[in-house]
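Novice:
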Amino acid sequence: MNLHDALKECNLIAILRGIKPEEVEAVGETLIEAGWRILEVPLNSPDPLKSIEKLQKLFGDKALIGAGTVLTPAQVADVAATGSKVIISPNANLSVIEASVAKGMVSLPGVATPTEAFAAIGAGATGVKAFPAEAIPPYVIKAWKAVLPKDIPVLAVGGVTPDNMKAFVDAGAAGFGIGGSLYKPGDSAEAVGAKAKQFIEAMRAIR
């Protein structure tokens, strides 16, 4: 599954910051059953590579699995060793983007300006994430979309809720990264599943 196909099926990325390896199987299964197709474990979570490896083994044939908060090329190599396919960062570190591309992985760096976005795309980014979206209004993303390459998806990440997604979609956002509104450390799989379905329903209503 490539990024385009995953976003077409479900344009929501689950950001499971703080999840533990012993929790990740149940939460991942709940998300997959709800229809989510991109799952991210940030590297500042407990034993993140173990969680990523588990998700890749269990669900890698059904979804894109990857890491978030990836800050160095060495971390890219560590994530690639798990077999997962996605590298997501809060910033636009060109060396991280280039390392991801060299390993054939999806690269989604965080950007806050057109200058950062074009630099990231020039380095080979698969898409860019407008981060934090709560500080980047939809009209800004609309302006970006007027000048960025049409085939580069812009994802809104940070402060996204079912209530504010429509404005971002109308502005041209291709999808969303959902963190604390979906999962907080210690949440049960049942609780995550209920919130996951709310986001899916909201997205379907917009589409």
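By my numbering, the letter at position 117 of the sequence shown is numbered 127, and the numbering carries on one by one without gaps.
Virtual Cβ for every residue (Gly too), placed ideally from N, Cα, C.
Relative to the C-alpha of residue 60, which candidate in 43, 41, 46 and 94 has its C-alpha closest?
Specialist: For this step, residue 60 is matched to residue 50 along the sequence shown. Taking only the C-alpha atoms, the option nearest residue 60 is 94.
Novice: When you compare each of 168, 194, 137 and 190 to residue 143 by their alpha carbons, which one comes out closest?
Specialist: Here residue 143 corresponds to residue number 133 of the sequence shown, with the count starting at 1. Measuring from the Cα of residue 143, the nearest candidate turns out to be 168.
Novice: Would you call the stretch 134-154 in contact with the stretch 178-188, where contact means no fewer than 3 C-beta pairs closer than 8 Å?
Specialist: Yes, the stretch 134-154 touches the stretch 178-188.
Novice: Kindly list the residues whose CB is nearer than 6 Å to the CB of residue 126, restricted to its own chain and excluding five residues on each side of it in sequence; keep chain order.
Specialist: The residue given as residue 126 occupies position 116 in the sequence shown. Counting only Cβ-Cβ distances below 6 Å, and skipping sequence neighbours, we find 102.
Novice: Apply the 10 Å Cβ neighbour rule to residue 163 and answer buried if 16 or more other Cβ atoms are within range, or exposed otherwise.
Specialist: Taking the sequence shown and counting its residues from 1, one reaches residue 163 at position 153. Answer is buried; the Cβ neighbour count reaches 16.
Novice: Is it buried or exposed, residue 43, if we count other Cβ atoms within 10 angstroms and call 16 or more buried?
Specialist: By one-based count along the sequence shown, residue 43 stands at place 33. Under this definition residue 43 is an exposed residue.
Novice: Which residue's Cα is closest to the Cα of residue 207: 45, 28 and 16?
Specialist: For the purposes of this step, residue 207 is taken as the residue at position 197 of the sequence shown. For the residues 45, 28 and 16, the minimum Cα distance to residue 207 belongs to 45.
Novice: Output the boundary residues of the alpha helix (DSSP H) element that contains residue 76.
Specialist: Translated into the one-based positions of the sequence shown, residue 76 becomes position 66. Premise fails: residue 76 lies in the beta strand (DSSP E), 74-78, not in any alpha helix (DSSP H).
Novice: Do residue 73 and residue 49 have their CB atoms nearer than 7 Å?
Specialist: Here residue 73 corresponds to residue number 63 of the sequence shown, with the count starting at 1. Here residue 49 corresponds to residue number 39 of the sequence shown, with the count starting at 1. Yes.
Novice: Under 7 Å, do residue 117 and residue 131 count as touching if we go by C-beta distance?
Specialist: In the sequence shown, the residue the question calls residue 117 occupies position 107. In the sequence shown, the residue the question calls residue 131 occupies position 121. Result no, Cβ atoms of residue 117 and residue 131 do not sit closer than 7 Å.
Novice: Indicate whether residue 90 and residue 113 have their beta-carbon atoms separated by less than 7 Å.
Specialist: If you number the sequence shown from 1, residue 90 lands on position 80. If you number the sequence shown from 1, residue 113 lands on position 103. Contact flag set, yes.
Novice: Using alpha carbons as the reference points, say which of 153, 25 and 12 lies closest to residue 193.
Specialist: Looking up residue 193 in the sequence shown gives position 183. Taking only the C-alpha atoms, the option nearest residue 193 is 25.
Novice: How is residue 52 classed by DSSP in three states: helix, strand or coil?
Specialist: Taking the first residue of the sequence shown as position 1, residue 52 is located at position 42. Residue state, collapsed to three classes: strand.
Novice: Determine the burial state of residue 78: buried for a count of at least 16 other Cβ atoms within 10 Å of its Cβ, exposed for fewer.
Specialist: Translated into the one-based positions of the sequence shown, residue 78 becomes position 68. With 16 or more Cβ atoms within 10 Å of its Cβ, residue 78 is classed as buried.
Novice: Just to confirm before moving on: does the CB-CB distance between residue 181 and residue 152 stay below 7 Å?
Specialist: Counting from one through the sequence shown, the residue named residue 181 turns up at place 171. Counting from one through the sequence shown, the residue named residue 152 turns up at place 142. For residue 181 and residue 152, yes; Cβs fall inside 7 Å.
Novice: Using three-state DSSP, classify residue 170 as helix, strand or coil.
Specialist: Taking the first residue of the sequence shown as 1, we reach residue 170 at position 160. Here residue 170 sits in coil by DSSP.
Novice: Quick one, are the C-beta atoms of residue 5 and residue 47 less than 7 Å apart?
Specialist: Any answer about residue 5 is impossible in this case: the structure gives the chain only from 11 up to 217.
Novice: Roughly how far, in whole angstroms, is the beta-carbon of residue 80 from the beta-carbon of residue 65, given that I think they are within contact range, below 8 Å?
Specialist: Taking the sequence shown and counting its residues from 1, one reaches residue 80 at position 70. Taking the sequence shown and counting its residues from 1, one reaches residue 65 at position 55. Going by Cβ atoms, the distance from residue 80 to residue 65 rounds to 15 Å, so no, they are not a contact pair.
Novice: Should residue 222 and residue 86 be called a contact, given that it needs their Cβ atoms to be closer than 7 Å?
Specialist: Any question about residue 222 goes unanswered here, given that the chain covers just 11 to 217.
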